[in-house]
Structures are given as structure tokens and as C-alpha cells.
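As C-alpha cells, the structure follows; a few thoughts come after it.
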Ligand code: BYC
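Residue numbers (the numbering used here): 1 to 329.
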């Protein structure tokens with residue numbers, strides 16, 4: 001039983017919206033309009049809880065799955081210093097996952113269920129981690145540009161209405177800013193290196209650009225959740241505005257290194273002050289986030305192996321009836 005006296009049923013995604021008590025709803029919305037924060041024990045509408053679980057859970061999954069493409073480069077990182085930095089970064093990402101799962105748990109969904117939903121494909125994770133990291137330059141691009149995109153989103157949303165998510169995001173952003181610095185340093189190193197290093201970086205940028213444009217979510221015209229989430233201050237800006245902020249801050253940094261971007265229409269409109277670009281391929285985006293990207297299967301197979309091979313640890317820590325069952329492939 002949770003705030004408002006409703007039985008929370010996270011399994012039932014299609015449950016008809018509950019008719020909320022209009023007085024309580026108005027009080028809740030006034031609180032949000034006043035900039036007050038919502039704590040787990042406060043009353044909240046069912047839909048607010050459901051949306052937060054969806055978003056925080058997806059974010060947590062993105063962190064632990066996001067550790068995989070870079071993780072494969074730990075053994076091959078060029079030099080001891082880069083290897084140490086990458087180990088620390090990958091470890092941080094897993095830590096971010098822990099913080100976020102804990103924040104989602106405050107809303108009533110058990111972590112075991114979240115992990116089972118990830119493995120069964122029921123719950124999504126960020127599109128970008130369904131692409132392979134083919135060369136060392138991919139690690140530089142992820143560390144620089146994907147972490148930069150993540151910071152834009154997370155800094156904004158850390159001021160959002162749900163206090164446990166905001167607190168987790170503040171801690172995550174502090175660490176992400178180190179990741180961004182190491183990614184940028186690796187990026188600049190390759191961009192100012194030999195012609196082979198520059199070509200490797202250019203190839204990585206060309207391959208990652210479309211997924212990075214997708215990263216901020218579908219265009220505002222087709223985004224389903226934005227309006228409601230902005231009203232409740234869960235999302236603090238729209239997908240297109242976040243994408244625009246990213247372009248504003250990072251395209252000049254890429255261009256000043258004489259690295260090109262694979263979009264002939266990319267430019268800042270001097271009259272509107274906004275960036276223009278070729279509309280990303282949203283069919284490709286929806287294909288990838290629905291489990292049909294180049295690495296979806298590989299990513300979930302690794303997670304499944306991790307869950308299976310760590311079962312003995314959980315058995316040692318918990319009572320037998322507390323062990324959760326991970327669905328096998
Ligand atoms: N990937 O109505 P919309 C990291 C889905 S990890 C996959 O606009 P919303 C890092 C969306 O869920 C940081 N799916 O959605 C880690 C919805 O589907 P459902 C990752 C996406 O929620 C390791 C549908 O599309 N950051 O930085 O209003 C190493 C319609 O979209 C994506 C976060 O998770 C996507 N990119 O807005 C390095 C931030 N975009 O659920 C780095 C938290 C959309 O209805 N999340 N979808 O089936 C958010 O801020 C928001 O969820 C989004 C999307 C802005 C991403």
C-alpha cells in the first residue's frame with residue numbers, strides 16, 4: 001500500500017488511469033508549482049509514481065548496460081594510465097546503476113523485478129548502448145559525447161520534483177564530469193594525432209552521430225511522455241531543447257578540432273539562435289529501443305550471464321526464499 005491508499009501494481013502497465021482524488025491532486029500539483037520536493041512517504045498520483053519508476057529504472061539499466069561497450073576496452077586500453085581511468089569510469093557507471101535502482105525502489109518496485117524486466121526485454125535502456133565499440137576511438141567518443149549528453153539531461157533533471165532521484169542525479173553528475181574530461185582528453189589526443197588516429201576518430205564520430213542525436217529521445221512532435229513529465233517537473237526540459245543545448249555546447253568543440261559531422265544540414269540559425277539538422281531516422285530509433293539493434297542480444301546475454309554467475313553470491317547473502325529467479329534465455 002502506498003501514498004493515496006492505492007495498491008501499486010507495477011506489472012499492469014496498461015491499467016486504466018486511476019481517478020485521483022481531485023483535492024489531493026490539486027494539492028500535489030500546487031506543491032510542485034511551489035518548487036517543493038516530493039519524498040517517498042508523500043502522497044503522489046499513481047501515474048506520477050508509474051512514470052518515475054519507468055524513467056528511473058530505464059536510467060539504471062542504461063548505466064549497467066552502458067558499462068559494457070567501454071568495459072570490453074579495459075584490457076586493450078592504450079597504456080596504463082588510460083586503463084586505470086577506464087576501470088574507474090566503468091566502476092562508476094555500475095555505482096550509478098546502484099544509486100538509481102535504490103531511488104526507483106523507494107517507489108515500491110523491487111530491484112529483482114527491475115532486473116528481471118530488463119532481461120525479459122520488458123524494460124528499456126538507452127538506445128546508444130546497442131551499438132558496438134569497434135575501436136579505441138569509440139571509447140573516446142562515448143566518454144566525451146555520450147557523457148556530455150548525459151550531463152545535459154541529468155543536470156537539468158537533478159532539479160526535478162522527486163527528491164530521491166534528484167539527490168542521486170547530483171552525485172552522478174559530479175562523477176560524470178570527470179568522465180567527460182577523460183573522454184575529451186582522449187578525443188583531443190586522437191584528433192591532434194597521426195593521420196591514422198584522426199581517421200579512426202572521424203570514423204567513430206560518423207558511426208556514433210545518429211545514435212547520439214537519438215539519445216535525447218524522439219522529437220517533441222512525437223514524444224509521448226514529455227508534456228505530463230514537464231508539468232510534474234520530472235523532466236525539466238523537452239527532448240528537442242536538450243538536443244539543442246548539446247549541439248550548442250559541443251558541436252563547436254568538435255569542429256574546432258577539424259572533425260566533421262555527418263549531417264550536411266547541421267548549422268546554427270543566426271536568426272533563431274537554434275540549431276538546425278536533418279531529422280534523425282526515428283524508425284531506426286524505435287527499432288533499436290524495441291530490441292532490434294545491432295547489439296541488443298549480446299548486451300542482454302552478458303547481463304544474463306552476470307546474473308547467473310553471481311547467483312551463488314546472492315545465495316550466500318540472502319535466505320533461500322529471498323533469491324529471485326532470473327529468466328533463462
Ligand atoms: N533510449 O516520450 P519519450 C549514461 C523511449 S546512461 C531508449 O520522449 P521520455 C552512461 C521512452 O522510454 C544515461 N529509449 O520518453 C552510461 C519511451 O518509451 P516507453 C541515460 C528511449 O521518458 C554508461 C519512448 O521512447 N540517461 O549516461 O519522456 C556509460 C518515447 O519517448 C530513449 C537517461 O536514462 C533513448 N535514448 O523521455 C556512459 C536519462 N529516449 O518507456 C554514459 C533519464 C526515449 O514509453 N531519462 N526513449 O516504452 C530521460 O531523461 C527520459 O526518459 C528521456 C526520454 C529524455 C531519455
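The beta carbon of each residue, even a glycine, is placed where N, CA and C say it ideally should be.
Since the structure is predicted, the reported quantities are computational estimates derived from the model, not experimental observations.
- Contact check for residue 187 against residue 92 fails: the beta carbons are separated by 9 Å or more.
- In this structure residue 315 is exposed. Its beta-carbon is surrounded by fewer than 16 other beta-carbon atoms within 10 angstroms.
- Assigned with DSSP and collapsed to three states, residue 76 falls in coil, not helix or strand.
- Placement of the Cβ of residue 74 at a distance of 8 Å or more from every heavy atom of the ligand BYC is found.
- One Cα belongs to residue 69, the other to residue 19, and the distance between them is close to 44 Å.
- Look at residue 159 here: in three-state DSSP terms it is coil, with no helix or strand label.
- At least one heavy atom of the ligand BYC lies less than 8 Å from the C-beta of residue 147.
- Per the DSSP secondary-structure output, residue 275 pairs in a beta bridge with 268.
- Contiguous alpha helix (DSSP H) elements confined to the segment 67-154 occur at 80-105, 111-119 and 136-141, taking only those with 4 or more residues.
- Taken in chain order, the complete alpha helix (DSSP H) segments of 4 or more residues contained in the segment 229-267 are 239-255.
- Take residue 144, set aside five residues on each side of it, and the residues of its chain with a beta-carbon closer than 6 Å to its own are 183, 184 and 187, in chain order.
- Under the three-state reduction of DSSP output, residue 38 falls in the strand class.
- Collapsing the DSSP output to three states places residue 283 in a helix.
- Residue 108 has its CB no nearer than 8 Å to any heavy atom of the ligand BYC.
- In this structure, the C-beta of residue 184 stays at least 8 Å away from each heavy atom of the ligand BYC.
- Taken atom to atom, the span from the alpha-carbon of residue 78 to that of residue 257 is near 21 Å.
- Contact between the segment 197-208 and the segment 135-155 is present: three or more C-beta pairs spanning the two stretches fall below 8 Å.
- Look at residue 308: its beta carbon is at least 8 Å from all of the heavy atoms in the ligand BYC.
- In this structure, the beta-carbon distance from residue 52 to residue 104 falls below 9 Å.
- When the alpha-carbon of residue 275 is set against those of 213, 300, 282 and 29, the nearest one is in 213.
- The ligand BYC has a heavy atom closer than 8 Å to the beta-carbon of residue 154.
- Sequence-distant Cβ neighbours of residue 128 in its own chain, meaning closer than 6 Å and more than five residues away, are 146, 211 and 215.
- Taking C-alpha positions only, residue 265 is separated from residue 217 by approximately 20 Å.
- Taking residue 118 as reference, the option from 168, 166 and 59 with the minimal CA-CA separation is 59.
- A direct Cα-Cα distance of roughly 39 Å separates residue 100 from residue 270.
- Counting along the chain, residue 192 sits inside no alpha helix (DSSP H), nor does DSSP assign it H or E at all.
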